[in-house]
Amino acid sequence: MLSPVEMVELWRGPFRESVHSGHAVICGPGGQIVQAWGNPDQVILPRSSTKMIQALPLIESGAAKAFGLTQQQLAFACASHEGAALHSQMATDWLTSLGLGDKDLLCGPEAPRDREAKFAMIRAYEKPCHIHHNCSGKHCGFLTLGQHLNVGPEYVEPDHPVQQAVRDAFEHVTGMESPGFGVDGCSAPNFATTVHGLARAMAYFASAGAGDGRSRAAAALRDAIIAHPVHVAGEGRACTRLMRACAGRAAVKTGAEGVFTAIVPEKGLGIAVKIVDGTTRASESAIAGLLVQAGVLDPTHPDARRYLDTPLKNARGTEIGRMRSLLG
């Protein structure tokens, strides 16, 4: 079995203090491996990096059209957001349009990750709601699909028609049968695949557009993510920063436990990376390096430098080291 390779290093003065290793794959338009690091066949849980796959049935079923969803809502359905006012209001308005409320979301309540929203809630002695959960957009999409299919409200159950539709789409675009699933932080099933399978899925989105309804749905979601990066993550987040730095040339999506994906339409490339220790700082640095390798991120852009060669400062603001991507 191929071992993970070093992808990100941290230096403190003259000492290489830490290193993060992982697996990564870049796939071409046909799903073939263009370049790989570590073990392409490593089985992983992709976590939120596959929300665009989970949103495919929302469009291909006709639900998105029937409910008149906007491109911003399609982007929001793929989001791991900050719970900023923009995000919580979008979730509230979406639920209202369905005749539903906060408690119909099954993701659970979560404090906003947006500082302004979080502190405003604390000052007002308010409690977090389901709409503030970073996955509330995805769950609004699940509820919309459920209403369209006229099925029951327990949409996170693995045998529910909503999740069965998700699994069908997932196995099609990854090109393999999933070996199983784990329950995600938002209570929905998260289907496993390999790093190659995940990159193959992103390549499917990269080349999507013509052909059947699923391909057209993938293109619509890809384009929505690229057009509305702040709806997908939030100000200051790596996904939003890197997509803006790529200037419309790539869709980028994070997942928990060190997973990141990218879609590069102009070259038909799909990218997947998994940091084995699950560290977000390392996956952000690694995906930035892979976007540089793909030729869609200028390594001199300030938001590229932020992740490719990050200064580490102590409490006094003194630079005491660097974090560097070994991939770009």
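Positions 14 to 341 (the working numbering) are the ones given, in order, by the sequence shown.
For glycine and all other residues, C-beta sits at the position ideal for the given N, C-alpha and C.
- When secondary structure is reduced to three states using DSSP, V289 falls in the coil class, being assigned neither helix nor strand.
- As computed with DSSP, K78 is found in no beta bridge at all.
- Going by C-alpha positions, Q177 is about 12 Å away from L158.
- Note on geometry: alpha-carbon atoms of P53 and L69 lie some 25 Å from one another.
- About 5 Å separates the CB atoms of A263 and V309; that is less than 8 Å, so the two are in contact.
- By the criterion of at least three beta-carbon pairs nearer than 8 Å, the segment 243-254 is not in contact with the segment 171-186.
- Annotation: P17 to R335 spans about 22 Å, alpha carbon to alpha carbon.
- L119 sits in coil when the DSSP states are folded into three classes, being neither helix nor strand.
- Of A76, S31, A232, the smallest CA-CA separation from P278 is found for A232.
- The alpha-carbon separation between S191 and A221 amounts to approximately 22 Å.
- Exposed is the label assigned to Q45, since fewer than 16 other Cβ atoms lie within 10 Å of its Cβ.
- For E184, the enclosing alpha helix (DSSP H) has its first and last residue at 174-187.
- Of the candidates A328, T331, Y320, N327, the residue whose Cα lies closest to the Cα of E22 is Y320.
- Classified as buried, F155 has 16 or more neighbouring CB atoms from the shown chains inside 10 Å of its CB.
- Q55 sits away from V305, with the two beta carbons spaced by 8 Å or more.
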